[in-house]
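For reference, the structure discussed in these notes is given below.
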Amino acid sequence: MKSSENDNKLGRRQFYKLTMGSLLTHPLLKLMSPALLTSMASSAPLYRAPVPQDPITKLTGIASTSEFTGDEPDPNHERFWNVDGYIQKCGGIPAATESQNVVIVGGGLSGLIAGYHLKKLKPLILEQASQFGGNSKGEVINSSYYSLGPAYISIPEQNSASHRMLNDIGVLKYARMESAADKKVFLNGKVLSNFWTGQHEDPKVFAQMKQLLKIFESNASNFNQMTVNQWIQRNFPQITTTLYEYFQYYAWSSFGATLDEVAAGEFFSWQASEQHGVMVFPGGNSLITQFLYQNLVAALGGTQMRTKSAVLKVIPGNGYADVVVEEQLNKLKTIRTKYVVMAAPKFVAKKIIHGIPASQMQAMNTIEYRSFMVANVSLRRNIPSKGFDLYCLKKELPKVPSSAAPFSKGFTDVIFSNWAQGDKGSPCTLTFYKAFPYQGARQFLLNPFAHNKHRDFLLAELQNYYPELGITASDIAAVRMTLWGHSVPVCRAQFASSPQLAVASQPIGTVVFANQDNFISPSYESSEQSALIAATQILKSLK
Ligand SMILES: Cc1cc2nc3c(=O)[nH]c(=O)nc-3n(C[C@H](O)[C@H](O)[C@H](O)COP(=O)(O)OP(=O)(O)OC[C@H]3O[C@@H](n4cnc5c(N)ncnc54)[C@H](O)[C@@H]3O)c2cc1C
Numbered sequence: 004m005k006s007s008e009n010d011n012k013l014g015r016r017q018f019y020k021l022t023m024g025s026l027l028t029h030p031l032l033k034l035m036s037p038a039l040l041t042s043m044a045s046s047a048p049l050y051r052a053p054v055p056q057d058p059i060t061k062l063t064g065i066a067s068t069s070e071f072t073g074d075e076p077d078p079n080h081e082r083f084w085n086v087d088g089y090i091q092k093c094g095g096i097p098a099a100t101e102s103q104n105v106v107i108v109g110g111g112l113s114g115l116i117a118g119y120h121l122k123k124l125k126p127l128i129l130e131q132a133s134q135f136g137g138n139s140k141g142e143v144i145n146s147s148y149y150s151l152g153p154a155y156i157s158i159p160e161q162n163s164a165s166h167r168m169l170n171d172i173g174v175l176k177y178a179r180m181e182s183a184a185d186k187k188v189f190l191n192g193k194v195l196s197n198f199w200t201g202q203h204e205d206p207k208v209f210a211q212m213k214q215l216l217k218i219f220e221s222n223a224s225n226f227n228q229m230t231v232n233q234w235i236q237r238n239f240p241q242i243t244t245t246l247y248e249y250f251q252y253y254a255w256s257s258f259g260a261t262l263d264e265v266a267a268g269e270f271f272s273w274q275a276s277e278q279h280g281v282m283v284f285p286g287g288n289s290l291i292t293q294f295l296y297q298n299l300v301a302a303l304g305g306t307q308m309r310t311k312s313a314v315l316k317v318i319p320g321n322g323y324a325d326v327v328v329e330e331q332l333n334k335l336k337t338i339r340t341k342y343v344v345m346a347a348p349k350f351v352a353k354k355i356i357h358g359i360p361a362s363q364m365q366a367m368n369t370i371e372y373r374s375f376m377v378a379n380v381s382l383r384r385n386i387p388s389k390g391f392d393l394y395c396l397k398k399e400l401p402k403v404p405s406s407a408a409p410f411s412k413g414f415t416d417v418i419f420s421n422w423a424q425g426d427k428g429s430p431c432t433l434t435f436y437k438a439f440p441y442q443g444a445r446q447f448l449l450n451p452f453a454h455n456k457h458r459d460f461l462l463a464e465l466q467n468y469y470p471e472l473g474i475t476a477s478d479i480a481a482v483r484m485t486l487w488g489h490s491v492p493v494c495r496a497q498f499a500s501s502p503q504l505a506v507a508s509q510p511i512g513t514v515v516f517a518n519q520d521n522f523i524s525p526s527y528e529s530s531e532q533s534a535l536i537a538a539t540q541i542l543k544s545l546k
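Just so you know, this note's numbering puts the end of the sequence shown at 546, numbered straight through with nothing missing.
Have a look at this one:
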């Protein structure tokens with residue numbers, strides 16, 4: 004990534020020049036009438052996940068969790084707290100006994116996409132967890148798919164690299180599009196339709212969004228130097244309570260950060276993109292990682308796809324690198340490789356790459372990560388989806404949480420997982436999102452009581468929605484809670500627009516970087532673009 008690319012046009016969600024009048028005329032949507040979109044999703048064949056290291060886990064029945072799923076923190080705390088000490092404990096770095104063309108460190112979305120683009124070099128993908136997918140994982144109970152994290156992507160442009168890849172791996176045909184006109188929210192427990200089309204009780208929200216995006220689009224430069232709040236104060240102080248409340252929840256839920264932190268350019272480019280609608284898969288983005296995983300197993304063979312393989316050291320050499328991996332507990336192996344794609348986040352990369360230049364280390368140290376909690380509530384009976392992703396608004400400004408005054412609210416938004424399957428999946432699962440938009444939340448989430456405490460917050464708040472959902476407490480069959488400890492990089496203004504961001508991801512010898520944190524933007528799009536850039540860097544250097 005060149006530093007000149009690192010400016011405010013970089014919204015990772017595609018930024019289309021358009022006005023609200025043309026919101027419903029995205030080229031893809033033009034091709035498909037709303038009825039066709041619905042029937043496409045309803046008739047989409049249900050996908051079945053076969054083997055255990057898959058990103059999507061097939062559950063045999065409905066049961067609640069008593070502890071968080073998601074991160075597998077236990078072995079990693081010891082490993083990465085003091086990597087060199089841990090290596091010594093395992094007997095030191097052994098001599099290289101395996102050679103590879105490319106080793107990809109991390110089998111999350113970025114690592115899998117890099118693997119897809121580098122298939123012809125037969126890369127080896129090493130993932131420390133017991134499954135591929137990173138935080139883009141999902142589960143399926145009977146025929147109901149739901150996500151443990153990421154839920155949707157922006158609609159990729161026809162024939163873009165992303166569109167071609169999604170089509171090639173066979174996942175595109177399962178997509179359902181939610182247009183801006185379909186967007187609903189909960190307002191004081193009741194579903195409010197047409198949130199973005201000006202037909203709801205407060206047409207000002209629509210008018211303001213239109214006006215605001217117009218101002219943004221007319222001068223989309225330098226916006227990443229400002230936070231969203233600074234931008235609003237300067238350009239749009241007349242914002243309504245409902246729109247501002249929505250923005251706050253959106254920032255917490257999508258960026259894991261507050262409006263006083265998030266870069267305005269990135270934030271509004273996401274808003275502008277979502278006015279075209281979003282693309283949703285059964286199981287959210289885990290269906291993408293699932294299809295990528297299967298595509299790679301077919302192309303590379305199972306032995307090039309290794310889970311439970313934590314990389315402890317990457318030592319760049321002259322035209323090669325040595326990768327030290329713990330292939331069984333306390334048993335190390337060294338692999339000599341021509342190239343490394345570092346698809347693990349920078350907070351791991353900085354601990355395991357040997358000889359990082361001081362300026363790059365400083366840039367890596369600047370990136371902060373936030374925690375996220377996701378709760379999947381499975382019902383005993385099916386209820387029709389009220390929409391896809393509904394933010395839960397009250398027409399009042401929520402208290403911005405901080406480490407001193409932690410987040411006690413149950414959730415910011417809820418996804419009807421079955422919406423993507425045209426309500427055909429069973430049982431019906433509701434996915435609730437709760438981000439922790441402040442530093443230091445994670446240590447409290449590791450407390451043994453945190454699981455039940457947050458589940459109880461959720462269930463208490465959910466009662467306010469029973470009448471509208473047409474359910475009672477006895478309809479709840481299971482609550483499954485997932486915790487992602489350092490899952491999203493904070494898209495801080497200033498850093499997002501500074502050349503430092505590119506410094507954090509510059510190649511070191513034959514080690515290149517591919518992760519959402521290359522752009523500090525927590526999205527499919529940043530993973531996809533970082534992986535494409537990393538793969539291109541390698542393929543170009545071969546010529
Ligand atoms: C709750 C939640 C909701 C989200 N919602 C959305 C959404 O709706 N849409 C969207 O586009 N994005 C969403 N995101 C952002 C999401 O993080 C990205 O879309 C994407 O999944 C990031 O993928 P990644 O591969 O860059 O990082 P990760 O998923 O973090 O993958 C990194 C991988 O590296 C592995 N690893 C780390 N260290 C090592 C090591 N030493 N050795 C081997 N392997 C290692 C990890 O185990 C992991 O599998 C959401 C994120 C969260 C947490």
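Ideal Cβ placement from N, Cα and C applies to all residues, glycine included.
For residue j and residue i, believed in contact at Cβ under 8 Å, the rounded distance
| i | j | result |
| --- | --- | --- |
| residue 319 | residue 514 | 5 Å |
| residue 145 | residue 429 | 6 Å |
| residue 248 | residue 396 | 5 Å |
| residue 134 | residue 57 | 7 Å |
| residue 275 | residue 220 | 7 Å |
| residue 308 | residue 128 | 5 Å |
Residue i - DSSP class collapsed to helix/strand/coil
| i | result |
| --- | --- |
| residue 85 | coil |
| residue 492 | strand |
| residue 151 | coil |
| residue 331 | strand |
| residue 541 | helix |
| residue 445 | helix |
| residue 205 | coil |
| residue 349 | helix |
| residue 459 | helix |
| residue 354 | helix |
| residue 114 | helix |
| residue 399 | coil |
| residue 194 | strand |
| residue 369 | helix |
| residue 438 | strand |
| residue 260 | coil |
| residue 416 | strand |
Pairwise C-alpha distance: residue j and residue i
| i | j | result |
| --- | --- | --- |
| residue 4 | residue 439 | Per-residue confidence for residue 4 stands at a pLDDT of 32, beneath the threshold of 50, marking its modelled position as unreliable; the derived number appears in the next sentence. Approximately 30 Å between the Cα atoms of the pair. |
| residue 89 | residue 178 | 44 Å |
| residue 392 | residue 477 | 24 Å |
| residue 83 | residue 75 | 13 Å |
| residue 227 | residue 531 | 21 Å |
| residue 110 | residue 379 | 24 Å |
| residue 364 | residue 507 | 7 Å |
| residue 1 | residue 136 | The chain is shown only over 4 to 546; residue 1 falls outside these bounds and no answer can be derived. |
| residue 239 | residue 422 | 34 Å |
| residue 93 | residue 483 | 36 Å |
| residue 520 | residue 260 | 14 Å |
| residue 294 | residue 59 | 10 Å |
| residue 198 | residue 376 | 26 Å |
| residue 474 | residue 122 | 48 Å |
| residue 79 | residue 351 | 10 Å |
| residue 367 | residue 498 | 11 Å |
| residue 424 | residue 187 | 18 Å |
| residue 529 | residue 97 | 35 Å |
Residue i - partner residues in DSSP beta bridges
| i | result |
| --- | --- |
| residue 487 | 375 |
| residue 73 | 486 |
| residue 318 | 325 |
| residue 380 | 433 and 482 |
| residue 391 | Looking at the DSSP assignment, residue 391 forms no beta bridge with any residue, so it has no partner. |
| residue 107 | 128 and 344 |
| residue 157 | 281 |
| residue 180 | 282 |
| residue 265 | 495 |
Closest residue to residue i among the options (Cα-Cα distance)
| i | options | result |
| --- | --- | --- |
| residue 494 | 475, 540 and 369 | 369 |
| residue 253 | 446, 450, 401 and 534 | 401 |
| residue 355 | 474, 314 and 321 | 314 |
| residue 511 | 484, 342 and 299 | 342 |
| residue 173 | 278, 291 and 164 | 291 |
| residue 373 | 491, 302 and 339 | 491 |
| residue 412 | 424, 427, 435 and 426 | 435 |
| residue 550 | 543, 71, 64 and 55 | Outside the displayed range of the chain (4 to 546) lies residue 550, so it cannot be described from this structure. |
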